[in-house]
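K.L.:
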Amino acid sequence: MKKFGDIETKLYSDGNFKEFPTLFLHDIPREKDLQKGNLPKIENSNQVFLFARSYDLDIKVNTNFDVLYSYNNINECVKTKCILKYISVNPSYEIDYIPSGVSALCLFEFEDGKPEILNKLLYYMDKDKHLTYDNLIITQMSLYIKISELLNSDQ
């Protein structure tokens, strides 16, 4: 089982996070977190709010992602079609991008429904269960292919 953390530093140093939009998904917001500010309403069951952090690239609204995988097991991967619909770094202030290295509340829309792998995420502030949950990485297939090649060359 290969962990993303095993190659994360190499990806940073090689500049991959400056080339490919990549988000670290760390929590699902609680219902009360979604009632703060002027957040948009979820329009359909394919949409979900998640807390996400960008790596070395400003990630703009309407960025497309097509692969989602577990931080603790890169082989646990789901191909998907997803678009970043909304970003807020402050509950009452909408912006059109996630600045590099910053966490934000994001609204994602998955074309074919929310992937089951999202259930691996922890609810925000739910510290009691942190050992049974995982973080996820969402990016583009081009980076995932580079990651796979990098992992295969280490064997």
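The sequence shown begins at 365 in this note's numbering and counts up by one. For every residue, glycine included, the Cβ atom is placed at its ideal position computed from N, Cα and C.
Just tell me which of Val431, Ile438, Asn454 and Asn436 has its CA closest to the CA of isoleucine 447.
P.N.:
Taking the sequence shown and counting its residues from 1, one reaches residue 447 at position 83. Nearest C-alpha to isoleucine 447: Val431.
K.L.:
So is proline 404 buried or exposed if we call it buried at 16+ other beta carbons inside 10 Å?
P.N.:
Here residue 404 is taken as the residue at index 40 of the sequence shown, counted from 1. Burial is judged here by how many other beta carbons sit within 10 angstroms of a residue's own beta carbon; proline 404 has fewer than 16 and is exposed.
K.L.:
In the structure shown, what three-state DSSP assignment does tyrosine 508 receive?
P.N.:
By 1-based counting over the sequence shown, the position of residue 508 is 144. Tyrosine 508: helix per DSSP, three-state reduction.
K.L.:
Where does isoleucine 502 land, buried or exposed, given buried means 16+ other C-beta within 10 angstroms?
P.N.:
Within the sequence shown, numbered from 1, the residue matching residue 502 stands at position 138. By the 10 Å Cβ count, isoleucine 502 comes out buried.
K.L.:
Would you mind stating whether proline 479 and valine 442 have Cβ atoms separated by less than 8 Å?
P.N.:
One-based indexing of the sequence shown puts residue 479 at position 115. One-based indexing of the sequence shown puts residue 442 at position 78. In contact: proline 479 and valine 442 (Cβ atoms closer than 8 Å).
K.L.:
Could you name each continuous beta strand (DSSP E) segment of 3 residues or more that falls completely within the stretch 400 to 429, going from the start of the chain to the end?
P.N.:
411 to 418
K.L.:
Between which two residues does the alpha helix (DSSP H) harbouring tyrosine 376 extend?
P.N.:
Working through the sequence shown from its first residue, we reach residue 376 at position 12. Residues 372 to 377.
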